[in-house]
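Reading through the structure tokens given below for one structure.
Protein chains in written order, with this note's numbering: chain A, 1 to 460; chain B, 1 to 393.
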């Protein structure tokens with residue numbers, strides 16, 4: 001079920017909302033949110049609900065184990081290792097097994113000793129990368145004593161299966177939402193009502209009006225990327241930069257808005273990333289929930305800035321790339337950003353003396369180049385697109401290029417020149433309310449006019 | 001990392017909820033509006049209401065007229081430049097079948113099948129049944145658009161329309177359809193469907209079913225979207241729904257992707273279909289009726305060899321001829337229209353005279369006339385007119 005679909009807007013959301021606020025006790029609300037989460041998730045493929053339930057149970061029991069054996073370090077460590085290994089094994093099997101075997105076959109063929117490996121046709125459970133991160137972060141934080149594991153099973157299960165952040169994040173850590181979950185029976189329904197809807201409407205408009213319109217031009221254009229001219233390929237890739245930002249930040253805003261309607265404060269995931277003036281600042285602004293998780297659970301444990309800083313950076317970014325998908329293109333994207341971060345650290349003093357507008361523009365270009373790896377379905381496609389970007393090439397025009405150019409100018413102006421959804425106060429005057437209501441009406445009309453398109457980050 | 005700050009008041013949220021409710025209300029109310037206002041041809045309007053008491057997919061006793069109807073493929077692929085505008089008048093009788101003019105006499109034949117037999121894209125006086133009536137000088141009943149084609153349906157139908165003794169039931173076999181076989185439920189007639197029908201049957205039937213099925217508001221908004229996706233403002237995302245090819249004379253021709261792909265029916269499909277039709281023939285003989293099968297090729301089989309580009313897949317002539325041979329061997333009278341249509345298509349190309357609409361899956365008036373002529377010719381050759389089987393009167 002998609003947020004931008006009629007069954008969600010007219011079926012799931014009203015029922016989930018009305019029943020939630022009819023229930024009074026915390027445990028009832030936990031159970032209801034869990035049921036809602038499983039219905040929401042099962043709408044894609046009910047078979048994978050069992051996988052999420054299994055992962056939930058393992059991590060919950062590990063948390064209980066840590067409470068039980070609080071003074072026994074070896075048993076506590078066991079309670080850390082078992083769920084983490086279990087979760088990573090599930091993630092590894094469903095997400096990376098096919099890719100690994102395919103890579104082995106490719107590498108051995110390249111080496112002249114082709115190995116016959118079976119072809120696996122494994123269906124990737126939607127959102128597995130996200131809820132796996134939720135459970136792992138819970139277990140690791142419990143082990144580090146950052147949080148006290150909950151004894152309430154339904155509280156934990158509703159945290160894992162919370163529908164608003166289940167399939168595409170933000171990656172909410174238990175500690176970030178624990179207070180709201182504990183307060184769930186006392187929360188005032190009207191407390192975040194306006195803000196919730198404001199976030200939701202803005203997120204919906206970002207996705208349906210902006211991202212989907214851009215996608216309708218660039219997807220067919222990239223279908224024949226070999227025939228694109230240098231100008232076209234730049235236009236398309238800048239368009240993709242807009243698309244992915246408005247698609248993913250739109251989803252995150254909707255998640256924040258929906259969470260607010262249920263009295264849960266989902267943290268910020270994007271902080272105007274295209275305003276970044278250097279790679280370090282970009283990663284503090286883009287997909288914040290992932291980058292902070294990577295920092296806390298990978299980079300710092302590897303040694304952080306204290307030892308082998310550059311190695312740690314590269315490993316962390318490679319892992320961040322691989323987290324996005326089982327494809328060499330994502331690993332290349334991670335490596336590219338790792339290289340950018342290292343280069344920035346080496347040349348920081350000189351870079352920071354440049355005018356801010358120049359740094360911002362240059363950083364945006366660097367990010368756009370990185371998106372080539374992210375969007376390409378193969379390294380050869382990425383290489384072709386990059387060649388067309390940097391070697392003047394003639395080609396066929398893009399259908400809808402005028403619309404795309406206008407959309408790109410508009411969206412980049414918004415992304416770089418306006419406040420983001422967490423910076424505005426969401427106190428709307430009557431004219432602004434009318435304007436946003438009209439935007440919502442247009443979004444609804446667009447949803448009515450076509451089949452809803454999935455969010456880009458669902459694939460991860 | 002920032003989180004939400006608290007804010008009182010609720011009027012903004014209420015206004016958004018009201019907009020959502022207004023959208024729902026508009027959708028609900030629009031469902032009381034006739035499809036006539038938003039449809040591009042008769043089919044969707046006429047199939048919106050399907051009383052469970054009839055054998056037909058069409059609403060009984062209904063007339064639809066559109067002076068600028070166009071083809072299903074042009075609509076499906078949003079290809080405005082290929083539209084062939086024509087007048088379409090579609091009238092149904094009390095049984096829900098397309099018979100505009102009430103005939104006093106008992107029908108001498110009944111044509112049974114899908115949209116080809118019903119005459120999708122044609123006017124009332126251009127259907128196969130009407131052309132056969134004109135050629136034979138006798139009443140031929142049009143039972144195209146039958147809900148599910150089973151032996152029982154054919155039997156019931158012959159009884160409902162009071163088919164003359166010695167009359168003929170013309171059954172369509174369309175190339176794309178899965179070949180029939182004894183003991184196999186018709187397509188879509190599964191256990192799940194049966195359970196679904198049992199539960200939701202009352203809801204799906206008649207007025208409420210049509211009301212639930214689709215929303216004129218959605219159709220209207222999709223039409224507006226198609227206008228924007230004109231290949232200039234935005235690329236036409238609907239284009240992938242159809243296959244567009246140029247004929248050797250330069251005219252564009254649209255194909256349904258499933259027609260373009262060669263269906264992989266099992267090798268024994270013709271033999272099993274022949275057994276099925278043999279059984280049906282015996283059943284009809286008990287009510288002193290005859291069976292005649294018409295094999296209708298897809299547009300791609302007819303025009304595939306006349307495309308400017310070399311086709312990726314070969315037209316499916318061989319399979320249709322195997323089907324024809326199996327039926328002939330089983331003693332089932334059959335007309336395979338494939339060669340006739342192919343020849344007419346080839347000969348008409350220079351004159352831009354086609355046998356199928358360029359913007360539609362179905363045949364046009366020229367194609368129907370050809371089909372009627374071949375069927376009538378074969379009937380005469382087989383002596384199917386005027387004599388009843390088994391010496392019955």
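Glycine included, every Cβ here is placed at the ideal spot set by N, Cα and C.
Residue i versus residue j - alpha carbon distance
i	j	result
residue 292 of chain A	residue 324 of chain A	15 Å
residue 207 of chain A	residue 118 of chain B	43 Å
residue 165 of chain B	residue 286 of chain B	10 Å
residue 169 of chain B	residue 109 of chain B	6 Å
residue 229 of chain A	residue 175 of chain B	44 Å
residue 188 of chain B	residue 260 of chain B	Only weak support is given to the placement of residue 188 of chain B: the predicted model assigns it a pLDDT of 49, under 50, and the question is left unresolved by the model.
residue 302 of chain A	residue 319 of chain A	12 Å
residue 113 of chain B	residue 367 of chain B	16 Å
residue 322 of chain A	residue 382 of chain A	16 Å
residue 266 of chain B	residue 171 of chain B	22 Å
residue 210 of chain A	residue 47 of chain B	37 Å
residue 68 of chain A	residue 27 of chain A	22 Å
residue 433 of chain A	residue 365 of chain A	35 Å
residue 25 of chain B	residue 423 of chain A	35 Å
residue 43 of chain A	residue 106 of chain B	53 Å
Proximal residues of chain B, C-beta to C-beta of residue i below 7 Å
i	result
residue 433 of chain A	12, 15
residue 428 of chain A	12
residue 197 of chain A	12, 13, 16
residue 445 of chain A	221
Residue i: contacting residues in chain A (beta-carbon distance under 7 Å)
i	result
residue 233 of chain B	400, 403
residue 24 of chain B	10
residue 369 of chain B	Here the premise fails: no neighbours, minimum Cβ distance about 39 Å.
residue 217 of chain B	448
Closer than 8 Å to chain A by CB, residue i
i	result
residue 19 of chain B	yes
residue 224 of chain B	yes
residue 373 of chain B	no
residue 128 of chain B	no
residue 120 of chain B	no
residue 189 of chain B	Low per-residue confidence applies at residue 189 of chain B: pLDDT is 49, beneath 50, and the placement is therefore not dependable, though the value from the model is reported in the following sentence. Closer than 8 Å: no.
residue 212 of chain B	no
residue 76 of chain B	no
Proximity test, Cβ basis, 8 Å: residue i and chain B
i	result
residue 263 of chain A	no
residue 220 of chain A	yes
residue 216 of chain A	yes
residue 18 of chain A	no
residue 194 of chain A	yes
residue 396 of chain A	no
residue 190 of chain A	yes
residue 31 of chain A	no
residue 241 of chain A	no
residue 58 of chain A	no
residue 201 of chain A	yes
Supposed contact pair residue j and residue i - C-beta distance, whole angstroms, cut 8 Å
i	j	result
residue 403 of chain A	residue 234 of chain B	6 Å
residue 278 of chain B	residue 330 of chain B	5 Å
residue 80 of chain A	residue 131 of chain A	Between residue 131 of chain A and residue 80 of chain A the Cβ distance is about 18 Å, and since that is not below 8 Å, they are no contact.
residue 443 of chain A	residue 205 of chain A	5 Å
Per-residue contacts from residue i into chain B (C-beta, under 8 Å)
i	result
residue 440 of chain A	16, 19, 20
Partner residues on chain B for residue i, Cβ-Cβ distance less than 9 Å
i	result
residue 486 of chain A	Outside the displayed range of chain A (1 to 460) lies residue 486 of chain A, so it cannot be described from this structure.
residue 437 of chain A	12, 15, 16, 18, 19
Contact list for residue i against chain A, beta-carbon separation under 9 Å
i	result
residue 237 of chain B	216, 219, 220, 450
Closer than 8 Å is the cut-off here; do at least three beta carbon pairs connect the region 137-157 of chain A with the region 55-69 of chain A? Enough Cβ pairs lie closer than 8 Å, so yes.
Please determine if the region 42-57 of chain A and the region 50-67 of chain B are in contact, where contact requires at least 3 C-beta pairs separated by less than 8 Å. With the cut-off at 8 Å, the region 42-57 of chain A and the region 50-67 of chain B do not touch.
Count Cβ pairs between the region 19-34 of chain A and the region 149-159 of chain A that sit closer than 8 Å; are there 3 or more? A contact between stretches requires three or more CB pairs, one per stretch, nearer than 8 Å, and the region 19-34 of chain A meets this requirement with the region 149-159 of chain A.
Between the region 69-80 of chain B and the region 245-262 of chain B, do at least 3 Cβ pairs fall closer than 8 Å? They touch, by the three-pair rule.
Take every Cβ of the region 369-388 of chain A, pair it with every Cβ of the region 342-354 of chain A, and state whether three or more of those distances are shorter than 8 Å. Not touching, per the Cβ criterion.
Is the region 144-154 of chain A touching the region 258-271 of chain A in the sense that three or more CB pairs, one from each, lie closer than 8 Å? Verdict: no, contact absent.
Are there three or more Cβ pairs, one per stretch, closer than 8 Å when the region 121-129 of chain B is compared with the region 346-364 of chain B? These segments touch.
Could you tell me whether the region 319-339 of chain B touches the region 220-236 of chain B, using the rule of 3 or more Cβ pairs below 8 Å? The way I'd put it, the region 319-339 of chain B doesn't touch the region 220-236 of chain B; fewer than three beta-carbon pairs between them come closer than 8 Å.
Do the region 44-58 of chain B and the region 91-100 of chain B touch if we need at least three Cβ pairs shorter than 8 Å? Output reads yes: the region 91-100 of chain B touches the region 44-58 of chain B.
Quick check: the region 298-315 of chain A against the region 384-396 of chain A, are at least 3 beta-carbon pairs closer than 8 Å? Because the criterion of three Cβ pairs below 8 Å is not met, the region 384-396 of chain A and the region 298-315 of chain A do not touch.
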